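Numbering-wise (the numbering used here), the sequence shown opens with residue 1 and increments by one. Backbone N, C-alpha and C define an ideal beta-carbon position, used for all residues, glycine too. No experiment lies behind these values; they were computed from the predicted model shown. To start, the structure itself, in structure tokens.
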Amino acid sequence: MTTMPPSSVQSVRVELANRSYSIHVGSGLIKTAGDYIAPLLKQPRTIIVTDSNIAKHWLAPLQASLEASGISCQAIVLEPGEKTKSFAHLNELVCDLLSARIERDTVIIALGGGVIGDLTGMAAAITLRGIDFIQIPTTLLAQVDSSVGGKTAINTPQGKNLVGAFHQPKLVLADTDTLQTLPERELKSGYGELVKYGLIGDAAFFEWLENNGHRVLAGDQDAVQHAVVKSCQAKAHLVAVDEQENGLRALLNFGHTFAHAFEAETGYSSKLLHGEAVAMGSIMALATSERTGSCPPGRAERLRKHFSATGINHKLSEVAQSDWHPDTLLDHMRLDKKVSDAKLVFILAHDIGDAFITNDIPESVILDILEAGLAG
Ligand code: ADP
Ligand code: ZN
1 MTTMPPSSVQ SVRVELANRS YSIHVGSGLI KTAGDYIAPL LKQPRTIIVT DSNIAKHWLA
61 PLQASLEASG ISCQAIVLEP GEKTKSFAHL NELVCDLLSA RIERDTVIIA LGGGVIGDLT
121 GMAAAITLRG IDFIQIPTTL LAQVDSSVGG KTAINTPQGK NLVGAFHQPK LVLADTDTLQ
181 TLPERELKSG YGELVKYGLI GDAAFFEWLE NNGHRVLAGD QDAVQHAVVK SCQAKAHLVA
241 VDEQENGLRA LLNFGHTFAH AFEAETGYSS KLLHGEAVAM GSIMALATSE RTGSCPPGRA
301 ERLRKHFSAT GINHKLSEVA QSDWHPDTLL DHMRLDKKVS DAKLVFILAH DIGDAFITND
361 IPESVILDIL EAGLAG
């Protein structure tokens, strides 16, 4: 049986020659997933990897749709949480896949947020030297960022995402309905990440968010779809021109040199979610841009106002403990992946919507900005 996809679904193409793929964005995609997935399969068999929170809401509808399309689907349900993105869990997942007698032509489906997408992508990259996988992102963060572009990773005691592989998915289905069951704080964290697409390259989109961000956060389908499509278009472009991040793709790290330092200091715990750290880091990236004269004044303040108006956690001072010091945070930055020839790499801006990459910022400026952030 073929169900017609809802007409409102919008699609974005990631152009990577013979590894190109589509991102479909809209309501009802999980219910009709079989229609999108069946044409991609060489055997009518998939293995779904998800976590128990997501499984509660979205596993049964996905399985029903796949089965209606004649596709068998075994599910592996993992524990929710960042701890699942570890070597130990990767080991377990790969062994489970092998025990399930996975074959080169079996497709794996990652149904979940960044944790499930990154871990499953990594398992797909290495199991049988690489098998195809499909992303069905269920968090706003994953829909606008991590499910697109083929970065897969696990964490180690030395830091987040330091071990991984580039392995592009064959398809991304961003079903905006899934955000209805997402905890509000997770939704808002994803919003902290989404805003970067306006900041790095699209002033008009930032302005649209200033006017419509509240609709996105209230779950207005049209607004959510527009925001996810705009984000995926921007990301698809940067991935197409620079798949392995040797240049322009690094713009996506706007606010992230700061953000990763804050996350490291909180031990990657739920005290600070990734998108919240990015919101804080984005304000500081604009403040640094103003301080070094590359950006006119008032931009950091404009962003701060937008996060206040939409209720996004963006104040470092509300997360930081009294024992936090700018020097320690700078030390965390030095351990980040974005260090080149021992120099810190920052994404700064000439203005909202016009970001650039630099490794030429004096540490004294960064220390000042961190100090101001800690003071609130
Ligand atoms: P991120 O995409 O931000 O990395 P995670 O994979 O860490 O997100 O997921 C964040 C939390 O939200 C986890 O506890 C996960 O189980 C839960 N979650 C993810 N998607 C949904 C959803 N659509 N509905 C309910 N809970 C979800
Ligand atoms: Zn991010």
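Between the Cα of residue i and those of the options, spot the shortest distance and give me the residue it belongs to.
i: GLY130; options: VAL144, LEU97, GLY114; result: LEU97
i: VAL25; options: PRO61, GLN225, LEU182, GLY112; result: GLN225
i: GLN168; options: LYS196, ASP331, ALA110; result: ALA110
i: THR156; options: SER65, GLY267, TRP208; result: GLY267
i: ILE54; options: LEU374, ILE37, PRO137, LEU272; result: PRO137
i: ASN359; options: VAL14, LYS343, GLU79, ILE352; result: LYS343
i: PHE87; options: ILE154, THR50, ILE369, LEU238; result: ILE154
i: GLN143; options: ASP222, GLY112, THR288; result: GLY112
i: ASP351; options: ALA375, PRO297, TRP58; result: PRO297
i: TRP208; options: ALA320, LEU182, SER231; result: SER231
i: VAL115; options: GLN321, ARG19, HIS274; result: HIS274
i: THR152; options: LEU141, ALA165, GLN158; result: ALA165
i: LEU40; options: ALA375, HIS332, LEU329, SER20; result: SER20
i: SER294; options: ALA349, ASN18, ILE134; result: ALA349
i: SER308; options: ILE30, LEU29, SER69, GLY213; result: GLY213
i: CYS340; options: ALA320, ALA355, ILE361; result: The identity of residue 340 in the sequence shown is Ser, whereas the question assumes Cys. Looking at the Cα atoms, ILE361 is the closest of the given residues.
i: ILE37; options: GLU82, GLN63, THR181, ARG291; result: GLN63
i: GLU186; options: GLN135, LEU272, PHE205, LEU238; result: LEU272
i: TRP324; options: HIS306, GLU263, ARG291; result: GLU263
i: ILE134; options: LYS160, GLY150, LYS170, ASN161; result: LYS170
i: GLU103; options: GLU82, LYS31, VAL345, PRO44; result: PRO44
i: LEU182; options: LYS196, GLY219, GLY376, SER322; result: GLY219
i: GLU82; options: SER322, ASN161, GLY150; result: ASN161
i: LEU329; options: THR292, ARG291, ASN18, ASP368; result: ASP368
i: VAL345; options: VAL195, VAL163, GLU245; result: GLU245
Please report the Cβ distance between residue i and residue j, rounded to the nearest whole angstrom; I am assuming they are in contact, meaning their Cβ atoms lie under 8 Å.
i: ASP105; j: LYS56; result: Not quite, the Cβ-Cβ distance comes to about 30 Å (not below 8 Å), so this is no contact.
i: LEU66; j: THR46; result: 6 Å
i: VAL49; j: ILE108; result: 6 Å
i: ALA60; j: LEU90; result: Actually they are not in contact, since the Cβ atoms of ALA60 and LEU90 sit about 26 Å apart, beyond 8 Å.
i: LEU78; j: ASP118; result: At roughly 12 Å, the Cβ-Cβ gap does not stay under 8 Å, so LEU78 and ASP118 are not in contact.
Is the CB-CB distance between residue i and residue j below 7 Å?
i: VAL94; j: THR127; result: yes
i: ILE357; j: ILE347; result: yes
i: GLY311; j: GLY281; result: no
i: GLU193; j: ASP132; result: no
i: ASP242; j: GLY353; result: no
i: LEU316; j: ALA300; result: no
i: ILE71; j: GLY34; result: yes
i: ALA236; j: VAL9; result: no
i: ALA259; j: ALA277; result: yes
i: LEU179; j: LEU141; result: no
i: ALA261; j: HIS332; result: yes
i: ALA174; j: VAL228; result: yes
i: SER27; j: GLN221; result: yes
i: LEU303; j: ILE283; result: yes
i: ALA279; j: GLU15; result: no
i: ILE30; j: TRP58; result: yes
i: ALA320; j: LEU374; result: yes
If you count every other CB in all the chains shown that lies within 10 Å of the CB of residue i, and 16 or more means buried, which is it?
i: ARG101; result: exposed
i: GLU371; result: exposed
i: THR176; result: buried
i: GLY247; result: exposed
i: LEU199; result: buried
i: ASP327; result: exposed
i: GLN158; result: exposed
i: GLU184; result: exposed
i: GLU318; result: exposed
i: SER289; result: buried
i: MET4; result: Unreliable positioning characterises MET4 in this predicted model, as indicated by a pLDDT of 48, which lies under 50. The coordinate reading is nonetheless provided below. It is exposed - the Cβ of MET4 has fewer than 16 other Cβ atoms within 10 Å.
i: LEU335; result: exposed
i: SER69; result: buried
i: ASN211; result: exposed
i: THR257; result: buried
i: LYS305; result: exposed
i: ALA223; result: buried
i: ALA125; result: buried
i: GLY150; result: buried
i: GLY190; result: buried
i: GLY121; result: buried
i: ALA17; result: exposed
i: ARG355; result: Reading off the sequence, residue 355 comes out as Ala, not Arg. Buried, by the Cβ-count rule.
i: SER364; result: exposed
i: GLY376; result: exposed
Say whether chain C places a C-beta atom closer than 7 Å to the C-beta of residue i.
i: ALA236; result: Within the model displayed, chain C is absent; a lone protein chain is all it includes.
Under 6 Å, CB to nearest heavy atom of the ligand ZN: contacting residues:
Here the list is ASP145, GLU193, HIS256, HIS274, VAL278.
Environment of the ligand ADP in chain order, Cβ to heavy atom below 5 Å
Selection output, chain order preserved: ASP51, ASN53, ILE54, PRO80, GLY113, GLY114, VAL115, THR138, THR139, LEU141, ALA142, THR178, THR181, LEU182, GLU186.
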